[in-house]
């Protein structure tokens, strides 16, 4: 039996699966272009996704798919999932576009040629933000900063933050903060109300007097690294409501970005950097 999420929409086939239970939901990243905020939402799937999930049952023998929604709900579902370009920030895509588009073609005009293009206004807003960040000049050509941001596989705002941290000699802490912001926060939210209060106290303890989520993420990561080196990672994560899988992902992202920075010539020697200097550095990505 498969309890289906969107992972069941892949080409994966398990020979002896004959039952699929489809909840009809999917967690999707969405983006509000006007508030410039990305969020993870639980949405109804499309009819195409529902059919794909049902296809996991009985691929090699007769099977049954159970859909946990009404026929009316099914009829009101969108025929296909909304294209990712329409629910993601466009700044990184706009920078990549400059490497592909003809020199006399604007970024918004080039994106309008896509099969499901974003609105012209949203594309223009993304271009304007990149200009404010000094990643693009008034002619929409890549600046020196823009060329560097293209090489860093992270959102332009966080990329700018990382580049500034190299100049301010505080790369190590800022790299951790940027990777956490790019992925997700490391804390696990318990279901039990008493555990929720305990988790909140843990978070406050790591935040101490900083009043900063960024510094909280950094301190948690540093404490997790020490616990990992001491062989007590599991007990540390359980005690502090920290996701080990999230920490491993952040560690992997750090290694990837550090390798890219070395390949680009930004980093030549290892050094943790000064945590005091790192405090104002995250604001570099705001301008």
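Residue numbers (our numbering): 3 to 289.
A virtual CB, placed ideally from N, CA and C, is assigned to each residue, including glycine.
Whether residue i touches residue j by CB criterion (8 Å)
i	j	result
residue 158	residue 123	no
residue 82	residue 52	no
residue 2	residue 185	Outside the displayed span of the chain (3 to 289) sits residue 2, for which this structure offers no information.
residue 256	residue 177	yes
residue 37	residue 31	no
Other residues of its chain near residue i: CB distance less than 6 Å, five sequence neighbours each side excluded
i	result
residue 3	Only weak support is given to the placement of residue 3: the predicted model assigns it a pLDDT of 48, under 50, and the value that follows is read from those uncertain coordinates. Hits under 6 Å: 21.
residue 161	151 and 154
residue 90	33
Whole-angstrom C-beta distance between residue j and residue i, which should lie under 8 Å
i	j	result
residue 128	residue 87	Incorrect: roughly 11 Å between the Cβ atoms, too far for contact.
residue 221	residue 208	5 Å
residue 67	residue 80	Going by Cβ atoms, the distance from residue 67 to residue 80 rounds to 19 Å, so no, they are not a contact pair.
Element boundaries [alpha helix (DSSP H), containing residue i]
i	result
residue 76	73-78
residue 27	First-last for residue 27: 27-34, but that is the beta strand (DSSP E), not the alpha helix (DSSP H).
residue 204	195-209
residue 174	173-184
Start and end residues, beta strand (DSSP E) containing residue i
i	result
residue 268	Neither: residue 268 is in no beta strand (DSSP E) and is coded neither H nor E.
residue 37	Unbroken run through residue 37: none, as it is neither H nor E.
residue 67	66-69
residue 222	Looking at the DSSP string, residue 222 is not in any beta strand (DSSP E); the run it does join, the alpha helix (DSSP H), is 215-231.
residue 190	Careful: residue 190 lies outside any beta strand (DSSP E) and carries neither H nor E.
Pairwise C-alpha distance: residue j and residue i
i	j	result
residue 243	residue 156	27 Å
residue 236	residue 223	14 Å
residue 260	residue 170	16 Å
residue 106	residue 143	10 Å
residue 136	residue 97	12 Å
residue 168	residue 130	26 Å
residue 245	residue 104	45 Å
residue 183	residue 63	45 Å
residue 19	residue 26	19 Å
residue 166	residue 263	12 Å
residue 196	residue 203	11 Å
residue 240	residue 225	13 Å
residue 112	residue 48	28 Å
residue 2	residue 213	Given that the chain is displayed from residue 3 to residue 289, the structure contains no residue 2 and the question cannot be resolved.
Same chain only: Cβ atoms within 7 Å of residue i, ignoring 5 sequence neighbours per side
i	result
residue 179	216, 219, 220 and 284
Cutoff 8 Å; reference residue i; Cβ partners in own chain excluding five residues on either side
i	result
residue 70	23, 24, 25 and 26
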